[in-house]
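Under the numbering used here, residues 53 to 339 are what the sequence shown spells out, in order. Quick reminder that beta carbons are idealized off the backbone N, C-alpha and C, glycines included.
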Amino acid sequence: MVNQLLVITTWILNRLPRAWALALGRLLGVLVYLTLPYRKDVARENLTRAFPQLSIRQRRALLKRTYRHFGMVLMDFIRIPALSANSLDSIVDFDESHVREAREQGSGAVVMSGHLGNWEQGILSIGRRGYPLTTVVVRQRGPGGSFLETVRNATGSRTISKKTPTHTMLRLLKEGNFLGMAGDQDARKKGVWVTFFGRPSSRARGPAVFALRTGAPMLFCWCRLQKDRRYQLDSVPINTENLPRKRDQAIQSLTQRYTDALEEAIRRHPEQYFWFHRMWKTEPPRS
Numbered sequence: 053m054v055n056q057l058l059v060i061t062t063w064i065l066n067r068l069p070r071a072w073a074l075a076l077g078r079l080l081g082v083l084v085y086l087t088l089p090y091r092k093d094v095a096r097e098n099l100t101r102a103f104p105q106l107s108i109r110q111r112r113a114l115l116k117r118t119y120r121h122f123g124m125v126l127m128d129f130i131r132i133p134a135l136s137a138n139s140l141d142s143i144v145d146f147d148e149s150h151v152r153e154a155r156e157q158g159s160g161a162v163v164m165s166g167h168l169g170n171w172e173q174g175i176l177s178i179g180r181r182g183y184p185l186t187t188v189v190v191r192q193r194g195p196g197g198s199f200l201e202t203v204r205n206a207t208g209s210r211t212i213s214k215k216t217p218t219h220t221m222l223r224l225l226k227e228g229n230f231l232g233m234a235g236d237q238d239a240r241k242k243g244v245w246v247t248f249f250g251r252p253s254s255r256a257r258g259p260a261v262f263a264l265r266t267g268a269p270m271l272f273c274w275c276r277l278q279k280d281r282r283y284q285l286d287s288v289p290i291n292t293e294n295l296p297r298k299r300d301q302a303i304q305s306l307t308q309r310y311t312d313a314l315e316e317a318i319r320r321h322p323e324q325y326f327w328f329h330r331m332w333k334t335e336p337p338r339s
């Protein structure tokens, strides 16, 4: 039933001009903000922690803009399977210089991102430009997960499960592939501790480990929605040099570096960040 509803909704949206679909998305975002409490308390708490200097009224306005933003992003995402390659490329401005340099090194690249802007559009755009990107994803269950896979498969996006063995991911990098990962999920007690918005936060060790073991460059990429409703896909190289000699310290330092890049991007456009996951879920160990 849910799958059928998604198919019908997609069919309708694909027949609307993009400007109309985005306007509908903004309206949908406001309606969800006003009527659905799911995860709203989590978002409020995260915004309070990230921006304690803002008033309650300012944080409320920021959260409302966040709902509107993701309403528009949802509309663009749903429409992806029906769009031509030229149509997809025409709404994304992509500065490829750093990504091109990484490919020319021939050692693959660890491509870090976060739940910021339109991350799915960014992933698709990198792959569509001919870069050998494989994205590490968490397989979602249910109709929503099935629809997500349908959209990704329709564009030829290559994905592997987060549960894929480490040696397989290392092999992909050594063969010259790009490995895309989100770097903003709580990694529980097994993670490495970094500072995120002035607070300790647990992050996965994997991205730093992959870069250090293979010598692959690391990039931070994100795809932001601009005022003209086009997307700008930016990439920033993460410095992998001058790290501590001890392995654990090097992993922590490199993880902190790409976390800093993510935080800087969020601070520029906080309304485009997905504040609804528990980024400070795990408490740091007591000293």
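| Contiguous alpha helix (DSSP H) assignments of at least 4 residues, all confined to the region 91-136 | 92-102, 108-131
| message | For the alpha helix (DSSP H) containing residue 327, name the first residue and the last one. | response | The residue given as residue 327 occupies position 275 in the sequence shown. Careful: residue 327 lies outside any alpha helix (DSSP H) and carries neither H nor E.
| task | Return the bridge partner residues of residue 89 from the DSSP annotation. | result | Numbered from 1 along the sequence shown, position 37 holds the residue referred to as residue 89. Note: residue 89 sits in no beta bridge, so no partner.
| field | Proximity winner among 202, 78, 271, 159, relative to residue 223 (alpha-carbon distances) | value | Taking the sequence shown and counting its residues from 1, the one referred to as residue 223 is at position 171. With distances taken between Cα atoms, residue 223 lies closest to 159.
| task | Name the two residues that bound the continuous beta strand (DSSP E) containing residue 285. | result | Mapped onto the sequence shown, residue 285 falls at position 233. First-last of the beta strand (DSSP E) with residue 285: 283-290.
| Going by the C-beta, is residue 337 closer than 7 Å to any heavy atom of the ligand NAP? | Of ligands this structure carries none, so the ligand NAP is not represented either.
| said: Residues in the same chain with beta-carbon distance under 7 Å from residue 78, minus the five sequence neighbours each way, listed in chain order, please. | reply: Start at 1 with the first residue of the sequence shown, and residue 78 comes out as number 26. Excluding residues within five positions, the ones whose Cβ falls inside 7 Å are 120, 123, 124.
| field | Supposed close pair residue 308, residue 246 - CB separation, criterion 8 Å | value | For the purposes of this step, residue 308 is taken as residue 256 along the sequence shown, with counting starting at 1. For the purposes of this step, residue 246 is taken as residue 194 along the sequence shown, with counting starting at 1. About 5 Å; that satisfies the 8 Å criterion.
| field | Distance between beta carbons of residue 176 and residue 200, contact taken as under 8 Å | value | Working through the sequence shown from its first residue, we reach residue 200 at position 148. Working through the sequence shown from its first residue, we reach residue 176 at position 124. Not a contact, Cβ separation roughly 12 Å.
| Cα separation between residue 189 and residue 233? | Start at 1 with the first residue of the sequence shown, and residue 189 comes out as number 137. Start at 1 with the first residue of the sequence shown, and residue 233 comes out as number 181. Computed Cα separation, rounded: 7 Å.
| message | Just to confirm, is the Cβ distance from residue 313 to residue 288 under 8 Å? | response | What you label residue 313 is simply residue 261 of the sequence shown in a count that begins at 1. What you label residue 288 is simply residue 236 of the sequence shown in a count that begins at 1. Against a cut-off of 8 Å, the Cβ pair of residue 288 and residue 313 comes out as a contact.
| field | Close beta carbons around residue 292, own chain, < 7 Å, minus the five adjacent residues each side | value | As a working mapping, residue 292 is identified with position 240 in the sequence shown. Excluding positions up to five away in sequence, the list reads 263, 269, 270, 306.
| task | Mind checking which residues open and close the alpha helix (DSSP H) that includes residue 25? | result | There is simply no residue 25 to check, as the chain begins at 53 and stops at 339 in what is shown.
| query | Who are the near neighbours of residue 285 in its chain, counting only those whose CB is closer than 6 Å to its CB and skipping five residues on each side? | reply | The residue you call residue 285 lines up with position 233 of the sequence shown. The residues are 144, 146, 174, 177, 275.
| request: Could you pull out every residue in the same chain whose Cβ sits closer than 7 Å to the Cβ of residue 172, ignoring the five residues on either side in sequence? | output: The residue given as residue 172 occupies position 120 in the sequence shown. Taken in chain order, the residues that qualify are 129.
| query | Whose C-alpha, out of 103, 216, 72, is nearest the C-alpha of residue 323? | reply | The count along the sequence shown starts at 1 and reaches residue 323 at position 271. For the options 103, 216, 72, the alpha carbon positioned closest to that of residue 323 is the one of 103.
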